[in-house]
Amino acid sequence: MEKFLEFKDVSYFYQTKESEIHALDRLSFDIGSCEFASLVGPSGCGKTTILSLVAGLLSASEGEILLDGKKIEKNDSRIGYMFQRDQLFEWRTIWQNITLGLEIQKKKKDEKMLALCEELLKKYDLYNFKNKKPRQLSGGMRQRVALIRTLALQPQLLLLDEPFSALDFQTRLKVCDDVFEIIKNEKKTALLVTHDISEALSMSDKVIILSSRPASVKEVMKLNFEGSTPLKKREDKDFGKNFDKIWRNLT
Amino acid sequence: MKKINYSKAHARYLKKLKKEKALVAFWQIFVFIAFLGIWELFSSVGVLDPFFFSSPSRIATTLATLASSGNLWIHIWTSLYETVLGFIIAIVLGTIIAILLWWSERLRKIFEPYLIILNSLPKIALGPLIVLWVGSGTGATIVMCVLICIIITTMSMLGAFISCEQDKIMLMKSMHANKFQILFKLILPHSLPEFISVLKINVGLSWVGTVMGEYLSSKAGLGYLINYGSQMLQLDIVMTSIVLLCVLAGGMYLCVCPLEKRYPK
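Here is the structure:
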């Protein structure tokens, strides 16, 4: 498969007054187009740092990051970022939240972009809530709105930073399915960061296991579970075996 | 809206709420009337000396005399004008300064110790200087009022700006927002509830500023009236002015309250 996102010997150091923290150590991996990849690793190993690097919010101390063969720039519009909490703005309606990115990039008059937003809302059962405020929606719906807000800018690569961690378990499974479906439908490449092994296993085509800090790639697992949704994939007979393998790798 | 049939318990619950509300209102009025009644009674039988403590009826008479001479309106208008103007200037300037300090972290670091000192300094100490600099009268009172309100406005608003979740700022950045957009689309709306509570605090503080300013030097206003009354040992005038201050400050507070309902947290 063609390499869509590529990390080449990327290192990163955080600077503090007392010392320097070596967060990433010659990290190399790649993700193919339309592939769903997950990063798992011990807590504090620098997973979020990786996403920040891809998003251009930080720049690598050493090495390079390529997206579709081109170096990632600051403010790269090919990338969409989804955060731990939905981060919806309470003072805005759902529609205003979804079009926030268009507003910022002065594309609020772009009929095509607006049509896409409407279409996404309709497709994912949120159209009736268009003029509601976020607090009137359930946790799962809010997360879907957050995803649509990210998709509205038509990114090619989605970065998901533990997007389900603030949800309760049942909602989480459901939203997992929803988000997976939306991402596959819209044919996006995704990079998920999570500390939940089964979440990583059920959603991804590929799991990248990281070592503790300074993070480097320990192992890359290609997955091929049966089932069309994350929930169904959890029933695959090899699911448990793979879970154990990752678990042993992390401890 | 779909009509929902609630259980009888719901009706009972609503009734209980209503009853509670009525009860509180009743006691509020009762306390007010009892206070006035006891005050009037005690001063008429001689437990309280009306010369020092005045009485509701004497306050009413004083009010009528002041109103008929036309002076009452001048005093009320002067104080109200000074307070509202000082309040508005302090809010606007204080918020602008907070925005500047939010904008530049370096500026914030430089001015932090000064802000802390200014906040702890009793502003009344600057009174004589203000009078010398801007002259006595309305101007000095407004300056005093602004000084008292502005520091707390700046500090509270800056605190609210900084308390905005880092991830929300990252979200804006990931959508390529510039600093202006982060300010206007995120930081300011995020800080609206805090802004409203600053307004409420400043209603009280601006009246402190006005009365202090008028004590220092003035020819009119309720603070002037209190000062005048106490020097002439006409405590009826002092009490009347205090009652008027209560009414005006309460009224101003009520003007701010609807904002809070409109923009809840």
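In order, the protein sequence lines correspond to chains A and B. Per the numbering used here, the very first residue in the first sequence carries number -19; after that it's consecutive. Per the numbering used here, the very first residue in the second sequence carries number 10; after that it's consecutive. Each residue gets a CB set at the ideal place from its N, CA and C atoms; glycine is no exception. Values in this document were obtained by computation on a predicted structure and should not be read as measured data.
DSSP three-state label for residue i, please.
i: B/M184; result: coil
i: A/M62; result: strand
i: B/L141; result: helix
i: B/I13; result: coil
i: A/E166; result: coil
i: A/V173; result: strand
i: A/L190; result: strand
i: B/K118; result: helix
i: B/K228; result: coil
i: A/K51; result: strand
i: B/Q175; result: helix
i: B/P131; result: coil
i: A/R228; result: helix
i: B/E29; result: helix
i: A/W71; result: coil
i: B/G146; result: coil
i: B/G213; result: helix
i: A/S39; result: coil
i: A/S178; result: helix
i: A/F205; result: coil
i: B/M241; result: coil
i: B/S206; result: helix
i: B/S165; result: helix
i: B/K24; result: helix
i: A/K221; result: helix
Which whole-angstrom value is the C-beta distance of residue i and residue j, which I expect to be below 8 Å?
i: A/N77; j: A/V155; result: Rounded, the Cβ-Cβ distance is 17 Å, inconsistent with contact.
i: B/T163; j: B/I100; result: In fact, because the Cβ distance is near 10 Å, the residues do not count as touching under 8 Å.
i: A/F205; j: A/K198; result: Their Cβ separation, rounded to whole angstroms, is 21 Å, which puts A/F205 and A/K198 out of contact at 8 Å.
i: A/K112; j: A/I74; result: 6 Å
i: B/V140; j: B/S239; result: B/V140 to B/S239, Cβ: 20 Å. No contact.
i: A/F16; j: A/S145; result: Rounded, the Cβ-Cβ distance is 18 Å, inconsistent with contact.
i: A/G43; j: A/R193; result: 17 Å between Cβ atoms; not a contact.
i: A/S196; j: A/R6; result: 6 Å
i: A/K202; j: A/K217; result: Between A/K217 and A/K202 the Cβ distance is about 17 Å, and since that is not below 8 Å, they are no contact.
Just to confirm the assignment, what range does the alpha helix (DSSP H) spanning residue i have?
i: A/T79; result: First-last for A/T79: undefined, no H or E at that position.
i: A/G26; result: Counting along the chain, A/G26 falls outside any alpha helix (DSSP H), and DSSP gives it neither H nor E.
i: A/M201; result: No alpha helix (DSSP H) contains A/M201, which is instead part of the beta strand (DSSP E) from V197 to K202.
i: A/E44; result: No alpha helix (DSSP H) holds A/E44; the beta strand (DSSP E) holding it covers E42 to L47.
i: B/S88; result: N80 to W112
i: B/L268; result: L244 to R271
i: B/L192; result: Looking at the DSSP string, B/L192 is not in any alpha helix (DSSP H), and its letter there is neither H nor E.
i: A/K212; result: P210 to K213
The beta strand (DSSP E) spanning residue i covers which residue range?
i: A/A17; result: F16 to V20
i: A/I(-5); result: The sequence shown places Gln at residue -5 of chain A, not Ile. Unbroken beta strand (DSSP E) run through A/Q(-5): K(-17) to Q(-5).
i: A/A5; result: The question names Ala, but residue 5 of chain A is Asp in the sequence shown. Run containing A/D5: E0 to G12, per the beta strand (DSSP E) assignment.
Would residue i pass as an interface residue toward chain C - the criterion being a Cβ-Cβ separation below 8 Å?
i: A/A3; result: As a matter of chain content, chain C is missing from the structure shown, whose protein chains are A and B.
For a test of your reading of the model: does the CB of residue i fall under 7 Å from any non-hydrogen atom of the ligand GDP? Yes or no.
i: B/A18; result: The ligand GDP is not part of this structure, which contains no ligands at all.
So, does the region 227 to 239 of chain B touch the region 173 to 192 of chain B, judging by three or more C-beta pairs under 8 Å? No, they do not touch.
Touching or not, the region 25 to 37 of chain A and the region 128 to 142 of chain A, by the rule of three or more beta carbon pairs under 8 Å? Counting Cβ pairs under 8 Å, three or more are found: they touch.
Are at least three pairs of beta-carbons, each pair with one atom in the region 51 to 71 of chain A and one in the region 147 to 154 of chain A, less than 8 Å apart? Contact between the region 51 to 71 of chain A and the region 147 to 154 of chain A is absent: fewer than three C-beta pairs spanning the two stretches fall below 8 Å.
Runs of 4 residues minimum, wholly inside the region 81 to 164 of chain A: which ones carry the alpha helix (DSSP H) assignment? 91 to 103 and 119 to 131
Would you say the region 200 to 217 of chain B touches the region 71 to 85 of chain B, given that touching needs at least three Cβ pairs under 8 Å? Touching, no.
Specify whether the region -12 to 5 of chain A and the region 155 to 172 of chain A touch according to this definition: at least 3 beta carbon pairs, one from each stretch, less than 8 Å apart. Output reads no: the region 155 to 172 of chain A does not touch the region -12 to 5 of chain A.
Taking only runs of the beta strand (DSSP E) that begin and end inside the region 46 to 84 of chain B, which ones reach a length of at least 3 residues, in chain order? Listed in chain order, nothing qualifies, since the region 46 to 84 of chain B has no complete beta strand (DSSP E) run of 3 or more residues.
At least 3 beta-carbon pairs within less than 8 Å: the region 167 to 176 of chain A vs the region 13 to 32 of chain A: yes
Per the contact definition of three or more C-beta pairs closer than 8 Å, is the region 213 to 222 of chain B in contact with the region 112 to 123 of chain B? no
Taking 8 Å as the threshold, find out whether the region 90 to 99 of chain B comes into contact with the region 181 to 192 of chain B through three or more Cβ pairs. no
How about the region 64 to 79 of chain B and the region 241 to 256 of chain B: do they share at least three Cβ pairs that are nearer than 8 Å? Judged by Cβ distances under 8 Å, the region 64 to 79 of chain B makes contact with the region 241 to 256 of chain B, as three or more pairs qualify.
Is it the case that the region 119 to 134 of chain A contacts the region 88 to 107 of chain A, given that we only count it when at least three CB pairs across the two stretches are under 8 Å? Per the Cβ contact rule, the region 88 to 107 of chain A is in contact with the region 119 to 134 of chain A (3 or more Cβ pairs under 8 Å).
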